[in-house]
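By the numbering used here, the letter at position 92 of the sequence shown is numbered 178, and the numbering carries on one by one without gaps. Cβ atoms here follow ideal geometry from the backbone N, Cα and C, with glycine treated the same way. Single-structure report; data block below.
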Amino acid sequence: MKRVYDRRTQVKIAHWYYEQGLTQDQIAKRLLCSRQRINKIVNTLVEDGVVSININTFGENWIGLENAIESHFALKQVILADKSSTQMPLPALLGKKAAEFLDGFIQDGKVIGVSWGFTLGDTIFNMRAVNKCNCMVVQMVGGLNIEQRMIRPDEIARMLAGKLQCDYQLLYAPAVLNNEAARSIFVNDESLRQMLERMSRCDIAVVGIGELNEEATSYNQGYIDRNRLRALREEGYIGDICLNPFKINGEWEDYRGRSSIIGASIATLKKIPNVVAIAGGPQKVNAILGALRLGCIDVLVTDSDTARQLALAAGISY
């Protein structure tokens, strides 16, 4: 683009605009020209080398890694908790970071679906209690017979509704029903069908990512037995979201046990515009990688160590 003014005038305009804070109208009056002309000059100052932009990261050292993962997986945001700066247990660290994000992300009038797990419990525990007008919290996973109240799907929904000071809707059905006759009774219930439909209309879903190994919460809590875990691993499944297993390449449609799960499916999550997944730890790298390849996650909250291993596993440069 041809310069409208000489270099000296460009520098003067840059000084007035960026250092003295003059408006484009004020500069135009000084130079006896139109504001539109000043706007054109301002827009070429970086291109012409008159102005250089330096971004102050304020100690945020992981922006490049976050951006690389966002770009690779087409995510809206990646939010990293700095593992090197604290001795805090990982679930608590992730919960604190995720809570900071959700405090600002959840707006009035939104419908928020939640799954279950330790990290989600820590997240909601760390959230500020703020009255969000006309919000609704929806339980996205059926009931689990787990003693720890803080990680149960129904308790997670109640806790979040308490923090947002809003109503909640519970899923009155077990998470898994292997008995076909019993399941047909549940799935033909009109209230349950409406609840499952309501999940797909959530504005936000907050979920964990589980790994399918003997360190998994679902295994240690007795939800998945050794035989089922072995069978899933032999078929290539490495993780789950809302109890839906998936493979490292992001495949999930061929899971034969899907009909036994009562709750949000991967297809349901794909309909939700903002799915926030919270997970971290070296044992979960492959599960997170497979989950991101599902194409249903929009925001990932994890820790810096896990993100570096994830980038290495996915071949991401940063």
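Whose CA, out of the options, lies closest to the CA of residue i?
i	options	result
K169	V223, N125, E283 and G181	G181
V97	Q110, V136 and I113	V136
G195	I290, E297 and L375	I290
Q395	V371, I198 and V128	V371
E300	I149, I310, G294 and V292	I310
I383	I232, I358, S390 and N265	I358
V262	D275, T172, G294 and N330	N330
V362	S277, Q112, R93 and K162	K162
S270	D240, D340, I347 and E133	I347
Q173	D389, E105, Y404 and A393	D389
G228	F211, W202 and I210	W202
I139	Y104, I198, I352 and A114	Y104
S171	N153, A160 and W148	W148
G199	T303, W338, R287 and Y341	R287
A268	D92, N360 and S345	S345
N360	A114, D340, V292 and I99	V292
E241	N265, L206, D275 and N264	L206
D134	R94, G336 and G248	R94
N264	I327, R314 and E339	R314
Out of curiosity, what's the CA-to-CA distance linking residue i and residue j?
i	j	result
I402	H158	7 Å
R316	G322	10 Å
R312	R319	11 Å
P175	G343	34 Å
D189	M213	6 Å
I237	I141	40 Å
Q106	L117	16 Å
E283	L378	24 Å
A393	F191	22 Å
I155	A397	7 Å
M87	R123	Residue placement at M87 cannot be trusted, given a pLDDT of 41 that sits under 50; what the coordinates show is reported in the next sentence. Computed Cα separation, rounded: 13 Å.
N306	G294	16 Å
R279	V385	28 Å
I210	Q193	16 Å
K115	N153	41 Å
L131	Y404	28 Å
E276	Q255	15 Å
Which same chain residues, not among the five before or five after residue i, have their C-beta less than 7 Å away from its C-beta?
i	result
C63	Residue coverage of the chain in this structure runs from 87 to 404, which leaves residue 63 outside it and unanswerable.
F187	I165 and V387
L108	W102
M285	G199, V224, M226, A350 and T354
Look at residue i and residue j and say whether their C-beta atoms are less than 8 Å apart.
i	j	result
G366	M226	no
A399	I324	no
L166	L179	no
F332	L257	no
A184	I364	yes
P239	L230	yes
I334	L298	no
N125	Q110	yes
F204	T303	yes
V216	L250	yes
Is residue i helix, strand or coil when you go by DSSP?
i	result
E67	Outside the modelled stretch of the chain, which goes from 87 to 404, sits residue 67, for which no answer is possible.
Q255	strand
G376	helix
P368	helix
A178	helix
P359	coil
I392	Just to set this straight, residue 392 is Thr in the shown sequence, not Ile. Reduced to three states, the DSSP call for T392 is helix.
L230	coil
E339	coil
Q106	coil
D326	strand
M245	helix
Q406	Outside the shown range of the chain (87 to 404) lies residue 406, about which nothing can therefore be said.
G401	coil
Output needed for residue i: all residues of its chain with C-beta closer than 6 Å, excluding positions within five of it in sequence on either side, in chain order.
i	result
D208	P177, A178 and G181
D391	K169
V273	none
Q369	E297 and E301
CB-CB under 8 Å to residue i, same chain, minus the five flanking residues each way: which ones, in chain order?
i	result
S120	A114
W338	N330, P331, F332, I352 and L380
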